Amino acid sequence: MTARTTDTTTTGRAADERNWTVRLRTRLEHTVPPGQALPDRQPVYVASWIYVFGVLTLAAFLVILASGGILAIGGAQWWHTSGTGHFVNSLHLWSVELFFAFMVIHLWGKFWMAAWRGRRALTWITGAVAFLGSIGTAFTGYLTQSNFDSQWIAGQAKDGLNAVGIGAYFNVLNPGQMLLWHVALLPFVLGVLVVAHIVLVRRHGVVPPIDATEE
Amino acid sequence: MGALNLTADSAGSYLDWGVIQISITNLLIIAGMVVLFVLAILLPFPHAQGDEAGEKDS
Numbered sequence: 001m002t003a004r005t006t007d008t009t010t011t012g013r014a015a016d017e018r019n020w021t022v023r024l025r026t027r028l029e030h031t032v033p034p035g036q037a038l039p040d041r042q043p044v045y046v047a048s049w050i051y052v053f054g055v056l057t058l059a060a061f062l063v064i065l066a067s068g069g070i071l072a073i074g075g076a077q078w079w080h081t082s083g084t085g086h087f088v089n090s091l092h093l094w095s096v097e098l099f100f101a102f103m104v105i106h107l108w109g110k111f112w113m114a115a116w117r118g119r120r121a122l123t124w125i126t127g128a129v130a131f132l133g134s135i136g137t138a139f140t141g142y143l144t145q146s147n148f149d150s151q152w153i154a155g156q157a158k159d160g161l162n163a164v165g166i167g168a169y170f171n172v173l174n175p176g177q178m179l180l181w182h183v184a185l186l187p188f189v190l191g192v193l194v195v196a197h198i199v200l201v202r203r204h205g206v207v208p209p210i211d212a213t214e215e
Numbered sequence: 216m217g218a219l220n221l222t223a224d225s226a227g228s229y230l231d232w233g234v235i236q237i238s239i240t241n242l243l244i245i246a247g248m249v250v251l252f253v254l255a256i257l258l259p260f261p262h263a264q265g266d267e268a269g270e271k272d273s
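Have a look at this one:
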């Protein structure tokens, strides 16, 4: 009876390994060490203002997503003509300004801390690519304003993008294409990069200062 | 035409060092970010002094 039970368990384990749901669940469970997904304690070296700028960037990003969602509901005529539309439009713009300021200070801090140490190269790379993606997303936002500013910016950008040879793949003078890139494609890509970046930070821990021992 | 000139005049003042051109507004914003960066390194974090243990409550 015992041998039969063992045999059944072994067979079950083999079946589990063929099951993609089980494999994915196991992979997700091992992505971040237990208790580190939403930790309530941090190493003592994290008690510094320079470590605050990453989460400030994330907070600004959430305000951008929320205000952008409201702008999408209201539409261009609403944000150009109503008082509330102007307010939400300004909220979207200024949260982007703060997002970039916080992100650049976060970048300076991590650069001088050599934050790619301790098997954190992919964390650094996802952050750098997210920064570049943010520039593209902000740029398409300027093209989406649907005013003379966006028209002028598109006219200038067209020459620059054509000069570097990438103008054949998209057209900054096409408001429909740029609107879809700004509200769907690029936020999705940026969202995936930000989630990957945060998961990697939780997986490998916050980088210690250069003269500190890792905890 | 007068309105167009007014628009061009109010577009901002620029500093020009050869190939480097930057508006005074952008220069001030970058300077403010550098100041914020330095302050973030130098200013003590609240309650950071009393933590002797390896970890702290966040």
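If you're matching them up, the sequences are chains A and B in order. Following the working numbering, the numbering of the first sequence begins with 1 at its first residue and continues without gaps. Following the working numbering, the numbering of the second sequence begins with 216 at its first residue and continues without gaps. All C-beta atoms, glycine included, are put in the ideal place defined by N, C-alpha and C. Note that the coordinates shown come from a computational prediction; the quantities given were computed from them, not determined experimentally.
Nearest to residue i (by Cα), restricted to the options the options
i, options, result
"A:Val194", "A:Asn174, A:Ala15, A:Trp124 and A:Gly85", "A:Trp124"
"A:Ala130", "A:Tyr45, A:Thr31, A:Leu28 and A:Gly54", "A:Gly54"
"A:Val189", "A:Gly127, A:Pro34, A:Arg119 and A:Leu91", "A:Gly127"
"A:Ala121", "A:Arg18, A:Val207 and A:Thr31", "A:Val207"
"A:Glu97", "A:Leu71, A:Ala14 and A:Val63", "A:Val63"
"A:Gly69", "A:Gly12, A:Lys158, A:Leu56 and A:His92", "A:His92"
"A:His204", "A:Gly191, A:Asp149 and A:Arg117", "A:Arg117"
"A:Thr81", "A:Ser146, A:Ser150 and A:Leu24", "A:Ser146"
"A:Leu58", "A:Ser150, A:Trp181, A:Leu186 and A:Phe102", "A:Phe102"
"A:His197", "A:Val32, A:Arg25, A:Arg23 and A:Phe100", "A:Val32"
"B:Val249", "A:Trp79, A:Leu185, A:His106 and A:Val46", "A:His106"
"A:Leu71", "A:Ile210, A:Val183, A:Asn162 and A:Val52", "A:Val183"
"A:Arg202", "A:Trp181, A:Asp40, A:Thr21 and A:Arg23", "A:Asp40"
"A:Asn89", "A:Gly141, A:Leu38, A:Leu132 and A:Ala47", "A:Gly141"
"A:Ser134", "A:Ala60, A:Ala115 and A:Ser150", "A:Ala60"
"A:Ala212", "A:Trp79, A:Arg13 and A:Tyr45", "A:Tyr45"
"A:Phe99", "A:Val52, A:Trp78, A:Arg119 and A:Gln77", "A:Val52"
"B:Ile245", "A:Val104, A:Ile210 and A:His30", "A:Val104"
"A:Val199", "A:Trp79, A:Arg23 and A:Leu28", "A:Leu28"
"A:Ile191", "A:Leu65, A:Ser150 and A:Gly167", "One detail in the question is off: residue 191 of chain A reads as Gly in this sequence, not Ile. Of the listed residues, the one whose Cα sits closest to A:Gly191 is A:Leu65."
"A:Phe139", "A:Lys110, A:Gly165, A:Arg119 and A:Asn171", "A:Asn171"
One or two residues paired with residue i in a DSSP bridge
i, result
"B:Trp232", "B:Ile235"
Test item: CB-CB of residue i and residue j under 7 angstroms
i, j, result
"B:Leu258", "A:Trp112", "no"
"A:Gly74", "A:Gly83", "no"
"B:Ser238", "B:Gly227", "yes"
"A:Gly136", "A:Leu186", "yes"
"B:Phe252", "A:Trp108", "yes"
"A:Ala47", "B:Phe260", "yes"
"A:Lys158", "A:Leu143", "no"
Neighbour-count burial assignment, residue i, 16 or more Cβ in a 10 Å radius
i, result
"A:Tyr169", "exposed"
"A:Phe87", "exposed"
"A:Pro34", "exposed"
"A:Ala163", "exposed"
"B:Ala255", "buried"
"B:Trp232", "exposed"
"A:Phe148", "exposed"
"A:Met1", "In this predicted model, A:Met1 has a pLDDT of only 48, less than 50, meaning its place in the structure is not dependable enough to derive any value."
"B:Asn241", "exposed"
Are there three or more Cβ pairs, one per stretch, closer than 8 angstroms when the segment 15-30 of chain A is compared with the segment 144-160 of chain A? By the criterion of at least three beta-carbon pairs nearer than 8 angstroms, the segment 15-30 of chain A is not in contact with the segment 144-160 of chain A.
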